[in-house]
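Peer 1: Position one of the sequence shown corresponds to residue 3 (our numbering), numbered consecutively onward.
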Amino acid sequence: MKQLAPLLLLALCPLLPCLGAAEDEALFLRLSDGTVVALPLEYVLDYTYSGGLFTARLTDGQDWELSQVQELQRDLPDDVPSFAAFQFRAEDNSQVFEDAECPDPSGDTLSLEVGGIGKWLTASFSFTLGGTEARVDSVLQRSGKTRQSFARPVTYTLGNPSWLRLSLVSSEDGTVSRVLEPYSRKQTVSVRFLCDHPTTPYGVPRIDITLDDPSPWSSDNWIGMHGKTYYESALLKIDGAGVFPDLPETPVQVKGRGNTSWTSSWESKNPYHLKFGSKKSPLGMKEGKHWVLVANKQTGSLTSNAMGQKVANLLGVAYANHIVPVELYVNQSYRGAYDLTESIGLRSNSVDLEDETNAAVLELDVYTDEPIYSDNAYSLPAKIHSPDLTDDGVQLTAEAIIEDFNEMVRLVASGTDAYLRRVDADYLARYLLTCEYIVNSELAHPKSEYLFTENVNDSLVVGAKDETPWVFGPLWDCDYDFGYGASKQYFTANQSLNFYSVGSTSSQSKHFLHALRYNSTTVDSLYYCLMTQFYEGGGLDELLDYCDEYYAFASSAFEHNKENDTSNRDSTDYALQKEQAKQWFRKRAEAILGFITPYDTEPSDEDTDTGLTSVHAIASQPQRRQPLEDTYYDLSGRPVAKPTQRGVYIKGGRKVLIR
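1) From this set, T134, Y274, S303 and V254, which residue's C-alpha is nearest S280's C-alpha?
2) Could you round the C-beta distance between K271 and G338 to whole angstroms and report it? I think they count as a contact, below 8 Å.
3) May I ask you to verify whether the region 97-110 touches the region 51-67, counting CB pairs closer than 8 Å and requiring at least 3?
4) Exposed or buried, which one is V319 when buried takes at least 16 other CB atoms within 10 Å?
5) Would you call the region 449-457 and the region 473-489 in contact, with 3 or more CB pairs under 8 Å?
6) Tell me which same chain residues have a C-beta within less than 7 Å of the C-beta of E469, skipping the five on either side of it?
7) Check the C-beta distance from N360 over to V458 and give it rounded, since I have them as a contact under 8 Å.
8) For A297, tell me which candidate among Y433, F560 and L542 has the shortest Cα-Cα distance.
9) Where does V396 land, buried or exposed, given buried means 16+ other C-beta within 10 angstroms?
10) Less than 6 Å between C-beta atoms, sequence neighbours within five positions excluded: which residues of the same chain meet that for R432?
11) Are the CB atoms of V363 and F474 nearer to each other than 8 Å?
12) Between T252 and S527, what straight-line distance do the alpha-carbon atoms span, to the nearest angstrom?
13) Which value, in whole angstroms, describes the spacing of the CA atoms of T523 and F99?
14) Could you say which of E538, W472, S306 and Y601 lies nearest to Q579 if we only look at CA atoms?
15) Where does the unbroken alpha helix (DSSP H) through I209 begin, and where does it stop?
16) Could you name the residues of the same chain whose beta carbon sits closer than 8 Å to that of Y158, not counting the 5 residues immediately before and after it, in chain order?
17) Just checking, does the region 235-246 make contact with the region 209-218 on the three C-beta pairs under 8 Å criterion?
18) Tell me the DSSP secondary structure of N162 in three-state form.
19) Could you round the C-beta distance between L295 and L249 to whole angstroms and report it? I think they count as a contact, below 8 Å.
20) Measure the C-alpha to C-alpha separation of K231 and I404 and round it to an integer number of angstroms.
21) Considering only residues of the same chain and omitting the five flanking positions on each side of V463, which have a CB-CB separation below 8 Å?
22) So, is D426 buried or exposed, given that buried needs 16 or more other C-beta atoms within 10 angstroms?
23) Could you tell me the boundaries of the beta strand (DSSP E) in which V38 lies?
24) Return yes when at least one heavy atom of the ligand MN lies under 7 Å from the C-beta of D419, else no.
25) In the DSSP assignment, the alpha helix (DSSP H) including Y530 goes from what residue to what residue?
26) When the Cα of V46 is compared with those of G487, L196 and F30, which residue comes out closest?
27) Which word fits Q334, buried or exposed, when buried means at least 16 other C-beta atoms lie within 10 angstroms of its C-beta?
28) Between the region 530-539 and the region 593-604, can you find at least three pairs of beta-carbon atoms closer than 8 Å?
29) Name, in chain order, the residues that DSSP records as bridge partners for I386.
30) In whole angstroms, what is the alpha-carbon distance linking Y2 and E289?
31) For T574, which residues of its own chain have a beta-carbon under 7 Å away from its beta-carbon, when the five flanking residues on both sides are left out?
32) What span of residues does the alpha helix (DSSP H) with W64 cover, start to end?
33) Less than 8 Å separating the beta-carbons of V525 and K512?
34) Taking the alpha-carbon of S352 as reference, which of P273, H387, L330 and P327 has the nearest alpha-carbon?
35) According to the Cβ coordinates, are L382 and L366 closer than 8 Å?
36) Using the DSSP secondary-structure output, state which residues sit across from L168 in a beta bridge.
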């Protein structure tokens, strides 16, 4: 009889995708080096075990012998590779606000309940045995990284190099081979999504606001007879619909907010700013004092902010907001369908920095309700959104903040990529791609365009090598996107629109954005990589599923909103709009991939299981598929043959003049 030593067994057995099944009845042989070999009983005619030597007569008619066997058992050993912990963490899942953890991760079926909207999730897990790997449909799973749909049960196959299984494999000529394969444990994860089982009459959370002084309000008017001037005192209560946590009756300050969304029929369905006395976590979101009720006032806009912010989250825009559809009641009177979201600023639930001492948030916006600074190369109207310079203890001055911003803008206007000294290229690419994808028409004015820096004084005092960059984001206000700015209808914009192209009549803001977008090959390569990852790596699929899931969750509230008598009734067919949105998103992604500059990139180690390239891996040394020095681009970023007409072109990342 031929003996196969344990070391040789291991040498023949690389860790492959699952070929065995933990549920098989088997003999489990534990060797002196810790290796466990499973021998299925279906192959065993008889066996003997004595003094560390195991011998079995198998169904192929031959004996099989194994030495150095320390233990033999029929039951599945306790240390079989399995999950030691399995959860969906809020920090890894943008629409999940509370961690969901499986109480018993060792069973064949793992059951979890998840609150939130959307069924694509990123799982975090650990194993009972070091060196274990998990795969789903042969794809290696990475804890806290791999994202996929859990709309249906997902089966994980766990394998470990120290656990093996003997199989008898028949070939076409009738011969039987003995093959040692990785022993695998199958565990299936089944998720109950609470959004499929809401408990409120119209499916979404309900917010009740009860004014302390009802005199400035009536059934024909809104909160805010005093407009945006000062806060009204009130009590606020939230029923989370069984999907999100409830919030018991809590004191809150309420006032109007917004620009056109407030001034157009101020007594109508208007947006509001909520300010709590201490940090609260409405609906389980990250705690903060300041929150916004978005009215989605325009006809057809009830999904616009949700879709825009979903794209921002998928593409990793800095401090992207979260959207939860709600119904608003004031003094027990129904006021319509709203969104609850974070209020942008230097806040724990928005731009949350470790040290805000020298940090600033700017808003580029043409509205003159706040002081505007515009002495920069593009005459951009800049407002200091944070900090509040009137607060005691604020060390920064308006002059210092604007000086730092203007220096960044001057570098952008230089026509080179020198602005990367003052701008975070990674977040810039994410922000610009999001705005291009959703056709954010507000940027051309500009309106509602936010950026921040963590330390103004670094740039002004320390010197160039220590400059703290400006970060573009968060994204705000998507109700004029997707084509609405041009046609007053959503998901109608030309899918092939090159959003950052400029012409002779383009605004200064458009020229500023064009320079940010095209004057750096680093930004250009990041742009290509992000869009490729989004399209090929599951981002688009998740977005299309989200269109279905968001509509399914909020559709009853959309219908109820038609009964809102305080504004023009929104009679949009949102089921039809949802299908139009899915088609538009797919065609828009394909169009952008068709006209952006492609790059050759090498996959990073962390992306070998997906075949995709890390965004950060290509930032330092991007390479175009065509040699850069041989390629000209027009000012819209389109490649052209060597130009013969006079004009300004881009070559090698620099502007050149052809005379």
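Even for Gly, the Cβ is constructed at its ideal location relative to N, Cα and C.
Keep in mind that this is a model prediction, so the values were computed, not measured.
Peer 2: In short, the structure shows the following:
1) Reading the sequence shown from its first residue, position 278 is the one you call residue 280. For the residues T134, Y274, S303 and V254, the minimum Cα distance to S280 belongs to V254.
2) Looking up residue 271 in the sequence shown gives position 269. Looking up residue 338 in the sequence shown gives position 336. Going by Cβ atoms, the distance from K271 to G338 rounds to 5 Å, so yes, they are a contact pair.
3) no
4) Taking the first residue of the sequence shown as 1, we reach residue 319 at position 317. V319 is buried by the Cβ-count criterion.
5) yes
6) Indexing the sequence shown from 1 puts residue 469 at position 467. Counting only Cβ-Cβ distances below 7 Å, and skipping sequence neighbours, we find R423, R424, D460 and S461.
7) The sequence position of residue 360 within the sequence shown is 358, counting from 1. The sequence position of residue 458 within the sequence shown is 456, counting from 1. Sure, about 5 Å apart at Cβ, within 8 Å.
8) Along the sequence shown, read from residue 1 onward, the residue named residue 297 stands at position 295. Among Y433, F560 and L542, the Cα nearest to that of A297 is on F560.
9) Reading the sequence shown from its first residue, position 394 is the one you call residue 396. So V396 counts as exposed.
10) Numbered from its first residue, the sequence shown carries residue 432 at position 430. Excluding sequence neighbours, R432 sits near L317, G318 and V319.
11) Reading the sequence shown from its first residue, position 361 is the one you call residue 363. Reading the sequence shown from its first residue, position 472 is the one you call residue 474. It is not a contact, given that the beta carbons lie outside the stated cut-off.
12) Within the sequence shown, numbered from 1, the residue matching residue 252 stands at position 250. Within the sequence shown, numbered from 1, the residue matching residue 527 stands at position 525. Straight-line Cα distance between these residues: approximately 49 Å.
13) The count along the sequence shown starts at 1 and reaches residue 523 at position 521. The count along the sequence shown starts at 1 and reaches residue 99 at position 97. Their Cα atoms are separated by approximately 37 Å.
14) Along the sequence shown, read from residue 1 onward, the residue named residue 579 stands at position 577. Residue S306 is the option with its Cα nearest to Q579.
15) For the purposes of this step, residue 209 is taken as residue 207 along the sequence shown, with counting starting at 1. No alpha helix (DSSP H) holds I209; the beta strand (DSSP E) holding it covers R208 to L213.
16) Looking up residue 158 in the sequence shown gives position 156. For Y158, where only same-chain residues beyond five positions count, the Cβ hits under 8 Å are F85, A136, R137, V138, Q143, K188, Q189, T190 and V191.
17) yes
18) Indexing the sequence shown from 1 puts residue 162 at position 160. If DSSP states are grouped into helix, strand and coil, N162 belongs with the strands.
19) Start at 1 with the first residue of the sequence shown, and residue 295 comes out as number 293. Start at 1 with the first residue of the sequence shown, and residue 249 comes out as number 247. Wrong, their Cβ atoms sit about 14 Å apart, outside the cutoff.
20) Here residue 231 refers to the residue found at position 229 of the sequence shown. Here residue 404 refers to the residue found at position 402 of the sequence shown. What sits at residue 231 in the sequence shown is Thr, not Lys. Rounded to whole angstroms, T231 to I404 spans 26 Å at the Cα level.
21) Indexing the sequence shown from 1 puts residue 463 at position 461. Low confidence applies here, because V463 scores a pLDDT of 48, under 50, leaving its location unreliable and the question unanswered by this model.
22) Reading the sequence shown from its first residue, position 424 is the one you call residue 426. Label assigned to D426: buried.
23) Translated into the one-based positions of the sequence shown, residue 38 becomes position 36. Counting along the chain, the beta strand (DSSP E) containing V38 begins and ends at V38 to P42.
24) What this structure holds is no ligand at all, so the ligand MN is not there to describe.
25) Walking along the sequence shown from the start, residue 530 turns up at place 528. Segment T523 to E538, the alpha helix (DSSP H) holding Y530.
26) Here residue 46 refers to the residue found at position 44 when the sequence shown is read from its first residue. The shortest Cα separation from V46 among G487, L196 and F30 belongs to F30.
27) Here residue 334 is taken as the residue at index 332 of the sequence shown, counted from 1. It counts as exposed.
28) yes
29) As a position in the sequence shown, residue 386 is number 384, starting the count at 1. I386 is bridged to L364.
30) Because the chain here runs from 3 to 661, residue 2 falls outside it and cannot be looked at.
31) As a working note, residue 574 is residue 572 in the sequence shown. T301 and G302.
32) In the sequence shown, residue 64 corresponds to position 62, counting from 1. For the record, residue 64 in the displayed sequence is Gln; it is not Trp. It is not in any alpha helix (DSSP H) - Q64 carries neither H nor E in the DSSP assignment.
33) Indexing the sequence shown from 1 puts residue 525 at position 523. Indexing the sequence shown from 1 puts residue 512 at position 510. In this structure, K512 does not lie closer than 8 Å to V525 by Cβ.
34) For the purposes of this step, residue 352 is identified with residue 350 of the sequence shown, where counting begins at 1. Of P273, H387, L330 and P327, the residue nearest in Cα terms is H387.
35) Here residue 382 refers to the residue found at position 380 when the sequence shown is read from its first residue. Here residue 366 refers to the residue found at position 364 when the sequence shown is read from its first residue. Contact: yes.
36) Counting from one through the sequence shown, the residue named residue 168 turns up at place 166. Per DSSP, L182.
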